[in-house]
Each structure stands twice: as structure tokens, then as C-alpha cells.
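In our numbering, the protein residues as written are 34 to 342.
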């Protein structure tokens, strides 16, 4: 792993030297813009509209727009001096319970390892936090960006979760179209809660996959091999007309065979059962409880591939 940051955790008068490593990685498939005519990647230039010329990096500085078209400028050294004041220490301010933090605050996860001769202090903090069940709320600056952070124990490692400041969270009142008063049919509510109970299962992250990325990689491999791929059009979304029928069909799809309708379902369900429930609900909304599945993508070999095979 690449070291992202080096510094120390400070709580009270205890100083714990640590190294920081990114705990996650972006697996998005990166694509470039290509000129169709010649197949070359399109390049982007830094151009000044006033001087009408391309600008080199050594001619560029940073600026804050305080009025439309008016900027205050900052040299690189000024920004570095501001960030160096607090970028070497993770200062724990308070210890709290993890369930007190709403998930909307979490940004990115990092792992911390002991640095230099900090193993004893690192182990002390880790075990003390594990025994008390608390997490530390701290301030941290990474790459000149200051943020709050939650320090917690993950297995045998201390982890840092950067979190937003409260004023960075947009208020729910800004969300348009939220209903002021919700009137829910009691029977539909009962059916919905029953469906939720039947689909409830322990969280097993390893069973979830990025289906889009997997499918895209498959198509990329086929195109590299010279094959032509034809994708079937997406099935239009169903307009749910009879909500009760859709709920009932969903419940029947996930209910184990031979189970009494009044009997509570087993707590754990597999992912494929959830897909079956979605399919049944869609079919019920369309008026066909046994509606067919959407056609799968077709693949055909290009004339070039047939010729060379």
C-alpha cells in the first residue's frame, strides 16, 4: 500500500506516531474521449480566454472568486503554510458511540499503522477503544483539506473515517417534493412490513457485486477480441397500478414452499430470492403474475471474426 500521510494521533498527552493508508479503491472503468475520425485520444489544454493563448503550469496560481469576475490570489507557499499548522497531528477531541453518528457524515476510510517506535502506544489506544466500545472524534488535515474524522477499531487495526462538518450537510428542508403528510393504507403497510421481514438478512458484503462493471468488462473483452456485441433494449419500467397485488406477489416469491401464509419467514434470504421478488412485483403490476423475463443481451460474431476463425 502507498503511504498517504504520516503524523501522529494525539489524545490527552498521549502521542501515537502513525502512517495512513487508503482503505478503499475506486474500481470505476476509466474511458477517454476519442476522435472518431482518426481514433486518437482528445487532449485538453489550459487556455486563457483573455490572452488567447495556452498557459503553462508555471504560469498558474490559485484564486478565490469573491465577486463575479474578481479574485484574490494565493501562492502555493501561502496555502502550504496555512495547511502545515495542523496537518501532522490527528487530535482526538471527544470519544462517542458509533451509533450516534448518522451515515450521511462519512466520507472515506483510511487504515492507520504504528510508525517508528509507536507500537506500544498504538496497541494501548486500540485495546482501550476496543474495551470501551468508543470511537474518537478528531480533526485531521489530508492534502491541505481539513475535516473531522472518526477513529475506530477494525479487527486489529485503527481506522480513520473522514466525516463532513455539520455545515457541509445540506438540510432536508431543501429537498423538493417531500410529502407534508403521509396517508398510508393499513393493509398495504402490513404487507410491506411483512415483505421487509422476509427479505431481512445479516449483512454479507461479499455477496454484492457491481453488475454494471462486470458486464462492461465482459463487453470490453469481446470487443478487444474483434467480436461485435448487440445489446437488447432495456425493458421499460413497470407502472405499478395495483400496489396490493405487487406486494402479495413479492411475498409469495420469497416465501419458502409449503410455508403457511401466517407463519413468519426465516430471517435470512438469499440474493436471488430478492431478484425473484422484484420480478414478481413487476409482473404483477403489469397484470401477468408469471410474466417472462426480459430478453438477455445477444452476442454475434462480426464477419471479420468468422473469416479468421
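For each residue, glycine too, the CB sits at the ideal point set by N, CA and C.
Values in this document were obtained by computation on a predicted structure and should not be read as measured data.
Have a look at residue i and residue j and give me their C-alpha separation to the nearest angstrom.
i	j	result
residue 53	residue 84	43 Å
residue 145	residue 56	9 Å
residue 152	residue 194	21 Å
residue 228	residue 45	49 Å
residue 260	residue 69	19 Å
residue 287	residue 232	7 Å
residue 257	residue 65	16 Å
residue 203	residue 137	10 Å
residue 314	residue 224	Residue confidence is low: residue 314 scores 49 on pLDDT, short of 50, so the model does not pin down where it sits. Its coordinate-derived value is still stated next. Answer to the nearest angstrom: the Cα atoms are 13 Å apart.
residue 241	residue 235	13 Å
residue 81	residue 73	25 Å
residue 164	residue 186	10 Å
residue 285	residue 230	13 Å
residue 207	residue 148	45 Å
residue 109	residue 34	28 Å
residue 178	residue 214	41 Å
residue 205	residue 216	20 Å
Using 9 Å as the threshold, is the C-beta distance between residue i and residue j below it?
i	j	result
residue 262	residue 255	yes
residue 67	residue 134	no
residue 168	residue 130	yes
residue 42	residue 191	yes
residue 180	residue 140	yes
residue 31	residue 50	The structure shown does not extend to residue 31, since the chain is modelled only from 34 through 342, so no value can be given for it.
residue 47	residue 158	yes
residue 37	residue 198	no
residue 60	residue 275	no
Going by DSSP, name the residue or residues bridged to residue i.
i	result
residue 284	Its beta-bridge partners do not exist; DSSP assigns none.
residue 186	191
residue 94	Partner(s): none; residue 94 has no beta bridge.
residue 145	53, 191
residue 86	81
residue 181	172, 196
residue 157	Note: residue 157 sits in no beta bridge, so no partner.
residue 100	103
residue 128	169
Assuming residue i and residue j make a contact with CB atoms under 8 Å, what is their CB distance in whole Å?
i	j	result
residue 277	residue 220	7 Å
residue 79	residue 87	6 Å
residue 62	residue 264	Not quite, the Cβ-Cβ distance comes to about 16 Å (not below 8 Å), so this is no contact.
residue 104	residue 98	5 Å
Exercise. Indicate whether the contact test is met: 3 or more Cβ pairs, each with one atom in the segment 167 to 178 and one in the segment 122 to 129, closer than 8 Å.
Key: Taking a cut-off of 8 Å on C-beta distances, the segment 167 to 178 touches the segment 122 to 129, as three or more cross pairs fall below it.
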